[in-house]
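In terms of mature numbering (1 follows the signal peptide of the UniProt record, and there is no 0), the sequence shown is residues -34 to -1, 1 to 97.
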Amino acid sequence: MTRTMRVRRLVAGAAASGLLAGGAALGMAGSAAAAPAPASVATTVVTHDDGDRHDHHDRCEWKKGHWEKTWVKGHWEKKRVKHDTWHPDRHDNHGKWHHGYWEHNQSYKWVYVPGHWEQVWVKGHWDCHHR
């Protein structure tokens, strides 16, 4: 079983490399045949040297990550509310004494949070200005 798999892999690899080599040779022959003959008319290369308006690298700078204050407008939030209730000592209906205890409950309540300033992390980024 393993021998037949190895033979299959060998044949597939040889076929793939043959196709790649043939395609590369065909591509080189096609580009050589398609090359234009040198013309007697002089051609000029147009460069965009109009005040470096098209060069964006000189006006971009890397801004490191930093904390920034942003205004958060008023909104509704779901807040957790803790309810602690003290149950005092007592006698039950059978005359048995029960010690007091705290009961800790929690629930959620919608609370309006007015607008406020908040610190947010701004990741590092490229900052490009138009000069």
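The C-beta atom is built at its ideal place from N, Cα and C for all residues, glycine as well.
If we require 4 or more residues per run, which alpha helix (DSSP H) segments fall completely within the region 26 to 70?
none
Taking a contact to mean a Cβ-Cβ separation below 8 angstroms, would you say K45 touches Y74 in this structure?
yes
Of the residues Q85, G66 and P54, which one's Cα is nearest the Cα of W33?
Q85
H91, enclosing beta strand (DSSP E) - first and last residue:
H91 to C94
Close Cβ partners of W83 (< 8 angstroms) along its chain, the five nearest in sequence each way excluded:
K35, T36, W37 and V38
Other residues of its chain near Y67: CB distance less than 6 angstroms, five sequence neighbours each side excluded
H53
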